[in-house]
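Input: a single structure, listed below in C-alpha cells.
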DNA sequence: ATTGTTCCGGTAAGCGGTTGCCAGAGAAAC
DNA sequence: GTTTCTCTGGCAACCGCTTACCGGAACAAT
C-alpha cells in the first residue's frame, strides 16, 4: 500500500538519506557494516527506488521509445525484437508505441514521449517530413528514423525500398508478365512511395509493360482483400496477371481474395509481397516476398541512438541503408500456360 | 538543444512560475491577458512540459504498462489494440513491453515499470503465481492479469481456456479421431495448462480416445514445425490423426511441417489451433481455431484498472471470464476416407 | 600531546514542477 | 474618501532523490 521512500529506509537504518542514496549508487564508498544495515532496511520495507525522482535529478532516462506504424504487423515485432535485444545489453528499456499509421496518434505519442524525457525515439514515421521530428531533435531528444531514410537532420536505418520494388518488378517481368498491378498503401508513407518508384522504374526500363495502380488507404490484410476483389472483378482481358504488394499483409489479403474469387495463384495471378514475414511462407500459396533484415534494422537503430546519446557533440548523423533480397516461392512460380 | 523549463517561460512572460503552472493546469483561473502572454512565451521557447517533474509532485502517472508474452503473436497485438483504444479515451498512455515468455525479462520489466511508478500494469504472466505480482499490488501498483484468471488477489480478464480446449477436442472426437495429439507449450503458462486440461477432460469423457503429448518449450511457429516433424516421423499406425495446438502460431508451424513431410491436412492430419488470429484463415489450409474476443480482453483489462485506480478503497477485485468459440475451417473438415 | 591523513557519513541545495495561502490592486458599495 | 469584496498572481514548501562539500572520528606519525 504505502510506497516507501528513501527517507524511511534512512530512518530504519539509522543513517541519513544521503547515505542510503550512496549505498544505492556507489556502494563501494560506504562502509560494509553501514551498507548491510541499509540493505536490510530496504529489504524489510520493500523499498523500490523511485525512478521518476531519480531521473528528475539526474536528467537522463534509460528508456527509449519505439513508435511503429502497426504493432499488428509482424515485421515491426521483429524490428522491436532486434532493438530490445541490443538495448537490453546496455540496460536500456524499450517501450513500444503504436501509431497505427494515424498522424494524430503519432503526434500524441511523440508528445508523450518528449514530455516523458525519454532518452531517444526510434520511429517509423507516418510522414517523415513532419516538422515535429526536427523539433524534437532540436530540443534535445534524439530521433532515429527506422525503415525510412532521413535527409541528414537525423540518423536513420532503412532498406533500399526502391531497389526492393525494382527487383520484385524485374522478377515478374522476367517471368513474362506484361500487365502488373501495384497494390500500395497511402503514398505519404515513404516506404510505399519508394517501392512504387522502384516498380515504376523497372517497368519503364522493360518497355511494353503496363503498370496498374490498386493502392488502398491502409496496409492491412483487409485492405489487400478489398484490392484483390477489385482486381478480380476486372474483365479477363484487362486484368493484370501479376500483383506486387507493398507489404505481406496486403499480399496475404490479396491472395485470399484470389482464392475467394476463383482465380489461381500463380497461374491466373502471380503475387509478390514485401517483408517476408514468417506467415508469408505459411500462406495458402507460399508467398514470394522481398526480404528485409528486420532484426538488424532494430539493432542498428538502437546502436545509432546510443552512439548519439553517448557523444552528442562529436556525433555525425548517419543514414544506414541495407539491401533487400527477393525470396521466390510458389506465388510467383513460372506460369504453366503462357 | 536547450530544453526549456517553466522558469524561463515565466521570465519571458513576466509572471511567476506559479502562474505558468496555473495556465497549464487550470487556465480558467488566470486572466485572459496573462494567459495569452504565457502561451506566447511557451510557443516562442518551444517549451515542453516535463512530465517527470509533474508526476513527482502529483504522484500519479497517466501511463499503464502492458506486459505481454510475445509481441510477435498477433493475438497480443489485438489485445493491445483494444487496450489502447479505451485508454486513449481516458487520456492514458499504454506502453507495450515484451517478456518473450522469459521469467527474467518479465521480472526486469516489472521492476522497471514499478520504479517508473506507472499507474498500473496489465500483464500476461509467464507464471501467474509469481510472488512479484502480489508484492506489486501490495506496494500500490495495481495489477490486472490478462488472459489468465486470478485467484482473488487482483483483477483479471480471461477466456475460459478449459472450455476452449474442451470444445476443440470434442469437435475432433466427433469428427472420428481416436488418437489426438496436444501440441502445447511450457505448462507453467496457465493458458497452456488449462487448454490441456480441457482437452484431457473431453478425451476422458469420450472414452476410447488416446491423447498424445507433443508439447514444446515455446509457443512459436518454429516450435510448431519441430513438433510437426516429430509427429510426422511416427509410423503410420501410431501416428495421431489430429492435432490440437495451444495457439495458432504453433498450428501454423505444425501445418507447414505436414506439408513438408507429405502429409495431407485434414485427411492425414486434422488440425485445430487457438486464438483465431487473422493469419489462421489465410493459411495454406485454412485453420480451424478457437476464437477469443481479443480486443474486448484488452478493453476490459483497462476498464478494470481504471476502476481500481479511481476508487482504490471501495474497489473489489473481479475476475471476468469470456467464452471462447470454435471456428471450423478446412483444417478439421470431415475426413474423406475413413 | 599535537598534527596530519584517511575514511565515513551528514547537510543542504537543487532537479522542474504544483498548489495552498496570502497580499495587493481595483472595483463596488457606503 | 474609506471600507469591503473580488480577482489575480506571487511566494514558498514540497515531491523523492542525487551529489558536492564539509566536519568529525579514528588512527598513525612526529
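Residue numbers (the numbering used here), protein chains in the order written: chain F, 45 to 382; chain X, 45 to 382.
For each residue, glycine too, the CB sits at the ideal point set by N, CA and C.
Here the structure is a predicted model, which is why all the values come from computation and not from measurement.
Kindly indicate which three-state DSSP category residue i falls into: helix, strand or coil?
| i | result |
| --- | --- |
| residue 316 (chain F) | strand |
| residue 198 (chain F) | coil |
| residue 47 (chain F) | coil |
| residue 378 (chain F) | coil |
| residue 81 (chain X) | helix |
| residue 150 (chain X) | helix |
| residue 56 (chain F) | helix |
| residue 367 (chain X) | coil |
| residue 187 (chain F) | strand |
| residue 302 (chain F) | helix |
| residue 168 (chain F) | coil |
| residue 362 (chain F) | coil |
| residue 130 (chain X) | helix |
| residue 373 (chain X) | coil |
| residue 297 (chain F) | helix |
| residue 114 (chain X) | coil |
| residue 44 (chain F) | The displayed coordinates of chain F run from 45 to 382. Any statement about residue 44 (chain F) would go beyond what the structure contains. |
| residue 255 (chain X) | strand |
Is the separation between the beta-carbon of residue i and that of residue j shorter than 8 Å?
| i | j | result |
| --- | --- | --- |
| residue 315 (chain F) | residue 299 (chain F) | yes |
| residue 242 (chain F) | residue 318 (chain F) | no |
| residue 246 (chain F) | residue 213 (chain F) | yes |
| residue 48 (chain X) | residue 89 (chain X) | yes |
| residue 179 (chain X) | residue 222 (chain X) | no |
| residue 125 (chain X) | residue 339 (chain X) | yes |
| residue 187 (chain F) | residue 177 (chain F) | yes |
| residue 159 (chain X) | residue 93 (chain F) | yes |
| residue 50 (chain F) | residue 61 (chain F) | yes |
| residue 199 (chain X) | residue 352 (chain X) | yes |
| residue 321 (chain F) | residue 175 (chain F) | no |
| residue 106 (chain F) | residue 129 (chain F) | no |
| residue 235 (chain F) | residue 171 (chain F) | no |
| residue 376 (chain X) | residue 310 (chain X) | yes |
| residue 250 (chain X) | residue 217 (chain X) | yes |
| residue 141 (chain F) | residue 139 (chain X) | yes |
On the DSSP letters alone, give me the boundaries of the alpha helix (DSSP H) that residue i sits inside.
| i | result |
| --- | --- |
| residue 342 (chain F) | 338-354 |
| residue 63 (chain X) | 61-69 |
| residue 236 (chain F) | 234-250 |
In the DSSP assignment, find the beta strand (DSSP E) that holds residue i and state where it starts and stops.
| i | result |
| --- | --- |
| residue 180 (chain X) | Taken as a continuous stretch (DSSP letters only), residue 180 (chain X) belongs to no beta strand (DSSP E), being part of the alpha helix (DSSP H) at 175-182. |
| residue 95 (chain X) | Counting along the chain, residue 95 (chain X) falls outside any beta strand (DSSP E), though it belongs to the alpha helix (DSSP H) covering 95-102. |
| residue 263 (chain X) | Counting along the chain, residue 263 (chain X) falls outside any beta strand (DSSP E), and DSSP gives it neither H nor E. |
| residue 281 (chain F) | Where residue 281 (chain F) is concerned, there is no enclosing beta strand (DSSP E), given that its DSSP letter is neither H nor E. |
| residue 72 (chain X) | Here residue 72 (chain X) belongs to no beta strand (DSSP E), and DSSP marks it neither H nor E. |
| residue 208 (chain X) | Taken as a continuous stretch (DSSP letters only), residue 208 (chain X) belongs to no beta strand (DSSP E), being part of the alpha helix (DSSP H) at 205-218. |
| residue 286 (chain F) | 286-289 |
| residue 139 (chain X) | 137-142 |
| residue 322 (chain X) | Careful: residue 322 (chain X) lies outside any beta strand (DSSP E), inside the alpha helix (DSSP H) at 322-325. |
| residue 223 (chain F) | 223-227 |
Quick one: which chain F residues come within Cβ less than 7 Å of residue i?
| i | result |
| --- | --- |
| residue 137 (chain X) | 156 |
| residue 100 (chain X) | 96, 97, 100 |
| residue 47 (chain X) | 183, 184 |
| residue 141 (chain X) | 139 |
Interface residues of chain F around residue i at Cβ under 9 Å?
| i | result |
| --- | --- |
| residue 296 (chain X) | 322, 323, 326 |
| residue 127 (chain X) | What residue 127 (chain X) touches in chain F: nothing, since even the nearest Cβ is about 10 Å away. |
| residue 248 (chain X) | Going along chain F, no residue has its Cβ under 9 Å from residue 248 (chain X), so there is no contact; the nearest lies around 33 Å. |
Starting from the beta carbon of residue i, find every residue of chain F whose beta carbon is closer than 8 Å, and list them in chain order.
| i | result |
| --- | --- |
| residue 118 (chain X) | 116, 118 |
Along chain X, which residues have their Cβ under 8 Å away from the Cβ of residue i?
| i | result |
| --- | --- |
| residue 122 (chain F) | 116 |
| residue 235 (chain F) | Going along chain X, no residue has its Cβ under 8 Å from residue 235 (chain F), so there is no contact; the nearest lies around 19 Å. |
| residue 56 (chain F) | The contacting residues do not exist; residue 56 (chain F) stays about 16 Å from chain X at best. |
| residue 300 (chain F) | 325, 326 |
Could you name the residues of chain X that residue i contacts, counting a contact when the two beta carbons are closer than 7 Å?
| i | result |
| --- | --- |
| residue 179 (chain F) | 90 |
Just to make sure I have the definition right: I need the residues of chain X whose C-beta is within less than 9 Å of the C-beta of residue i. Which are they?
| i | result |
| --- | --- |
| residue 159 (chain F) | 92, 93, 94, 95, 96, 98 |
| residue 290 (chain F) | Per Cβ cutoff of 9 Å: no residues; residue 290 (chain F) is ~17 Å from chain X at best. |
Evaluate contact between the stretch 291-310 of chain F and the stretch 257-268 of chain F, counting only Cβ atoms and requiring at least three cross-stretch pairs below 8 Å. yes
Would you call the stretch 198-206 of chain F in contact with the stretch 357-373 of chain F, where contact means no fewer than 3 C-beta pairs closer than 8 Å? yes
Stretch pair the stretch 250-260 of chain F + the stretch 220-239 of chain F: three plus CB contacts closer than 8 Å: yes
Contact between the stretch 68-79 of chain X and the stretch 103-115 of chain X: three or more CB pairs below 8 Å? no
Can we say the stretch 165-176 of chain F touches the stretch 323-338 of chain F, given the rule of at least three CB pairs closer than 8 Å? no
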